[in-house]
Structures are given as C-alpha cells and as structure tokens.
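Student:
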Amino acid sequence: MAARQTRHDGRDNDELRPVTIKYEGLDRVDGSAKFGFGQTQALASLSGPIEIRPNLELPSQATLEIHIRPLASVPGTDSRALAATLKAVLSPSLLLSHHPRTLVQIVGQALCGSDSGSGLGSTGRGWNASLVASLVNACSASLINAGSVPIKGVVCAASVGRIPDLNDSGSYVLVLDPSEAELASLEGGGCFVFMFASTLPPSPDDDQDTPHTSLLWTNYTATSGVIDDAEFMEAKNLALEGAQEIWALFKGSIKPSHSTSGEIVNERELQAREDQQPPSAGMDDSTMEI
C-alpha cells in the first residue's frame with residue numbers, strides 16, 4: 001500500500017507510533033512487562049506455574065486465568081469480555097500440558113484512559129483496538145520475561161483503522177495503529193492478533209525474516225457499509241506488517257544491545273533518541289536490566 005501522509009500526526013499510513021517494551025521486574029510475580037504504542041500503554045504481570053485451589057485444577061494441563069483491569073474504576077463487563085478474548089488468543093501459544101494441576105495467572109492493566117474508551121472498562125465505552133493490541137503484546141512480553149511457562153509461539157497484535165482520506169474527500173484509507181487523536185474520526189477498524197511460530201504450516205503471508213504466521217483473532221468491523229474481501233485482506237496485511245515489526249522487537253528484547261535501561265524501542269524511535277545524544281554517549285553494561 002502506498003504510504004501517503006494523510007494523518008493528523010504526520011505518520012505514514014503504514015507507520016506505527018514509537019513502540020516501547022520495558023521489563024518492569026515487579027515484585028511477587030514471575031514476569032512483568034510494559035508495552036506501548038506511543039501513549040497507548042499497558043502493563044502485564046505473570047505468575048505461574050503456582051499452586052491452585054483443588055476445585056479449579058485440571059488433571060492434564062495448567063489452568064490459565066487472565067484478569068484485565070481498566071485505568072479507572074473496577075473491572076466491568078467489558079473488562080471480563082476482553083479477558084476472555086485474551087485467554088482465547090494466548091492459549092494456542094502456551095504449552096499448558098507441561099504443568100498439570102497448576103495455575104498460570106496473567107493480569108493486564110491499562111495505563112491510559114480517555115472519554116473515547118481507552119481502558120475505562122465499566123463505563124460502557126469499551127476498549128479501543130490500539131489498547132487491546134497493547135494489552136495482548138504486554139501479556140506476550142510478560143511471558144517472555146518470565147520464562148517459566150513454555151510457549152510454542154509468540155503472539156503479537158496490531159490495530160488498523162479506517163479514516164477519511166484528507167487528500168480525497170468522500171473516500172477513506174486504512175491506517176496502522178490509530179492514535180488517541182484519530183479515534184473520533186474512525187469509520188471502522190479493529191485489532192488483529194497473530195502467532196509467530198516455526199511449527200506452524202507455511203503461509204503465503206510469511207516473511208523470510210520471521211517465523212511462520214497464523215491469524216488467531218480479529219474484531220475488524222466498519223461503522224457503516226459492508227467490508228468486502230479486498231478491504232479485509234488489505235487491513236490484515238497492514239496489521240501483519242506491524243505485527244512483524246513487533247515480533248522483531250520482541251526478538252531484540254532478549255539481546256540486550258538496543259537499550260541501556262531494559263527498554264526496547266523500534267528503529268524510528270531509537271534513531272530519534274540517538275540523534276539527540278552527544279557523540280560520546282555510549283553503552284553502560286552495568287545498567288542493563290535484561
């Protein structure tokens with residue numbers, strides 16, 4: 001897709017906001033991570049395998065339990081529905097049969113909020129697609145950070161929105177990773193969740209630099225009109241480009257050469273930060289957290 005600048009923040013249509021991954025090292029959990037697209041950020045923690053109440057244990061595999069917390073108020077129906085969705089999309093990537101009769105618990109926390117529905121759970125405004133993608137990626141990062149639950153693939157998510165084309169009145173364009181400022185103008189969109197694993201069968205969408213890919217889930221919809229196959233495939237491919245970039249960042253996050261603070265950023269953000277540093281700035285291995 002041609003990358004024309006039709007967005008309020010000047011990004012190309014196929015450009016993510018600055019992506020950050022930071023492993024938090026929270027106490028009393030086995031793994032934790034913060035993931036963000038710009039200001040749309042989420043935090044996730046993982047505990048497990050841990051002891052489980054007898055009435056909840058499964059004889060052949062670990063029990064997966066996911067809780068999602070909004071930025072404000074207590075979790076409501078929207079939060080519980082999102083937790084069920086995350087459980088469905090993360091389960092295929094986990095080898096839960098390796099730890100039967102135990103509990104694997106993931107807690108996701110929204111770190112942003114606005115009247116447009118960013119993590120206000122029980123207010124009835126729901127969760128926007130970019131925040132859902134942040135929560136999925138934060139959960140995956142917490143699994144990577146913990147290392148205590150075996151996985152057979154890495155789950156990555158990206159959002160796509162349909163917005164009016166500023167260069168052509170009456171038409172629309174698909175954009176990757178809609179920002180908070182773009183939510184009000186969206187005419188549709190959704191989150192796409194992919195799993196990357198070498199054990200998956202080959203797909204025409206596979207990239208030579210990433211493992212085989214499978215689409216696990218999407219809630220892509222339009223507020224008006226009908227989504228045809230061509231639009232859906234364009235949205236899927238656009239989201240896949242973003243997910244592949246996120247997978248590469250996850251891969252880089254286990255090689256502590258990108259950051260001095262345990263924080264991993266995408267190449268655009270990394271270059272911007274390097275341009276602001278004096279030429280003598282260097283790496284200090286003693287500050288590495290990964």
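Here the sequence shown stands for residues 1 to 290, where the numbers follow the UniProt record's numbering. Even for Gly, the Cβ is constructed at its ideal location relative to N, Cα and C. Please read all numbers here as calculations on a predicted model, not as lab measurements.
Could you pull out every residue in the same chain whose Cβ sits closer than 6 Å to the Cβ of L216, ignoring the five residues on either side in sequence?
Tutor: Here the question's residue 216 lines up with position 216 in the sequence shown. So the qualifying residues of the chain are V89, V193, M195.
Student: Is the separation between the beta-carbon of A42 and that of L135 shorter than 8 Å?
Tutor: To locate residue 42, count along the sequence shown from 1; it is residue 42. To locate residue 135, count along the sequence shown from 1; it is residue 135. For A42 and L135, yes; Cβs fall inside 8 Å.
Student: Bridge partners of Q109, per DSSP?
Tutor: Locating residue 109 in the sequence shown gives position 109, where the first residue counts as 1. Partner(s): L43, R69.
Student: Taking all protein chains shown into account, do 16 or more other C-beta atoms lie within 10 angstroms of the C-beta of P202, making it buried, or fewer, making it exposed?
Tutor: What you label residue 202 is simply residue 202 of the sequence shown in a count that begins at 1. Exposed, because fewer than 16 other Cβ atoms sit within 10 Å of the Cβ of P202.
Student: Confirm, please, whether the CB-CB distance from L71 to D177 is below 8 Å.
Tutor: Residue numbering aside, residue 177 sits at position 177 when the sequence shown is read from its first letter. Residue numbering aside, residue 71 sits at position 71 when the sequence shown is read from its first letter. For D177 and L71, no; Cβs fall outside 8 Å.
Student: What did DSSP end up calling R80 once you bin it into helix, strand or coil?
Tutor: Taking the sequence shown and counting its residues from 1, the one referred to as residue 80 is at position 80. Helix.
Student: Identify whether I163 lies in helix, strand or coil by the three-state DSSP scheme.
Tutor: Locating residue 163 in the sequence shown gives position 163, counting from the first residue. If DSSP states are grouped into helix, strand and coil, I163 belongs with the strands.
Student: Alpha carbon to alpha carbon, how far is A141 from A197?
Tutor: The count along the sequence shown starts at 1 and reaches residue 141 at position 141. The count along the sequence shown starts at 1 and reaches residue 197 at position 197. Distance between the alpha carbons of A141 and A197 is about 15 Å.
Student: Using 8 Å as the Cβ pair cut-off and three pairs as the minimum, do the stretch 71-84 and the stretch 47-61 touch?
Tutor: The stretch 71-84 is not in contact with the stretch 47-61.
Student: If the criterion is Cβ atoms closer than 8 Å, does the pair G188 and T221 meet it?
Tutor: Residue numbering aside, residue 188 sits at position 188 when the sequence shown is read from its first letter. Residue numbering aside, residue 221 sits at position 221 when the sequence shown is read from its first letter. The answer is yes: Cβ separation under 8 Å.
Student: Does the stretch 226-244 come into contact with the stretch 144-159, if we say contact requires no fewer than three beta-carbon pairs (one atom in each stretch) closer than 8 Å?
Tutor: These segments touch.
Student: What would DSSP say about A222, mapped onto helix, strand or coil?
Tutor: As a working note, residue 222 is residue 222 in the sequence shown. Correct three-state label for A222: strand.
Student: In whole angstroms, what separates the C-alpha of F35 from that of S130?
Tutor: Along the sequence shown, read from residue 1 onward, the residue named residue 35 stands at position 35. Along the sequence shown, read from residue 1 onward, the residue named residue 130 stands at position 130. Near 11 Å, if we compare the C-alpha coordinates of S130 and F35.
Student: Note down the Cα distance separating S97 from S179, rounded to an integer number of angstroms.
Tutor: On the sequence shown, residue 97 is found 97 positions in, with the first residue counted as 1. On the sequence shown, residue 179 is found 179 positions in, with the first residue counted as 1. So the alpha carbons of these two residues sit roughly 39 Å apart.
Student: Thinking just about the alpha-carbon of each residue, which of A184, T85, D168, A33 is nearest to the one in G147?
Tutor: Residue mapping note: residue 147 aligns to position 147 of the sequence shown, counting from 1. Ranking A184, T85, D168, A33 by Cα distance to G147 puts A33 first.
Student: Is it buried or exposed, D30, if we count other Cβ atoms within 10 angstroms and call 16 or more buried?
Tutor: Mapped onto the sequence shown, residue 30 falls at position 30. So D30 ends up on the buried side.
Student: Would you give the residue range spanned by the alpha helix (DSSP H) that L249 belongs to?
Tutor: Working through the sequence shown from its first residue, we reach residue 249 at position 249. Where L249 is concerned, the enclosing alpha helix (DSSP H) stretches over 229-253.
Student: Can you pull the DSSP bridge partners for V104?
Tutor: Within the sequence shown, numbered from 1, the residue matching residue 104 stands at position 104. Note: V104 sits in a beta bridge opposite L64.
Student: Note the first and the last residue of the continuous alpha helix (DSSP H) segment covering residue 293.
Tutor: The requested residue 293 is not part of the displayed model; the chain covers only 1 to 290.
Student: Could you check how far apart the C-beta atoms of A44 and A138 are, in whole angstroms? I think they sit under 8 Å.
Tutor: On the sequence shown, position 44 is the one that residue 44 refers to. On the sequence shown, position 138 is the one that residue 138 refers to. The Cβ separation is near 4 Å, so the contact holds.
Student: On the CB-based measure, 16 or more other CB atoms within 10 Å of its CB, does H99 come out buried or exposed?
Tutor: Counting from 1 along the sequence shown, the entry for residue 99 is found at position 99. So H99 ends up on the buried side.
Student: Within the same chain, show all residues whose beta-carbon is closer than 7 Å to that of Q39, passing over the 5 residues directly before and after it, in chain order.
Tutor: Indexing the sequence shown from 1 puts residue 39 at position 39. Closer than 7 Å at the Cβ level, and outside the excluded window around Q39, lie C112, E180.
Student: Could you compute how far the alpha carbon of Q219 sits from the alpha carbon of A235?
Tutor: Residue mapping note: residue 219 aligns to position 219 of the sequence shown, counting from 1. Residue mapping note: residue 235 aligns to position 235 of the sequence shown, counting from 1. At residue 219 the sequence reads Asn, which differs from the Gln that was named. Spanning the two alpha carbons is a distance of roughly 11 Å.
Student: Excluding sequence positions up to five away, which residues of its chain have a Cβ less than 8 Å from the Cβ of T102?
Tutor: As a working note, residue 102 is residue 102 in the sequence shown. Counting only Cβ-Cβ distances below 8 Å, and skipping sequence neighbours, we find G48, P49, I50, E51, I52, E57, A62, T63.
Student: From what residue to what residue does the beta strand (DSSP E) around G190 run?
Tutor: As a position in the sequence shown, residue 190 is number 190, starting the count at 1. Where G190 is concerned, the enclosing beta strand (DSSP E) stretches over 188-196.
Student: Would a C-beta distance cut-off of 8 Å place R7 and E245 closer than the cut-off?
Tutor: Position 7 of the sequence shown holds residue 7. Position 245 of the sequence shown holds residue 245. Contact: no.
Student: Assign L16 to one of three DSSP states: helix, strand, or coil.
Tutor: Counted from its first residue, the sequence shown places residue 16 at position 16. DSSP places L16 in coil when its eight states are reduced to three.
Student: The beta strand (DSSP E) with K34 in it runs from where to where?
Tutor: Counting from 1 along the sequence shown, the entry for residue 34 is found at position 34. Run containing K34: 31-37, per the beta strand (DSSP E) assignment.
Student: Looking only at DSSP bridge pairs, what is V74 linked to?
Tutor: Indexing the sequence shown from 1 puts residue 74 at position 74. Answer is none; V74 lacks a bridge partner.
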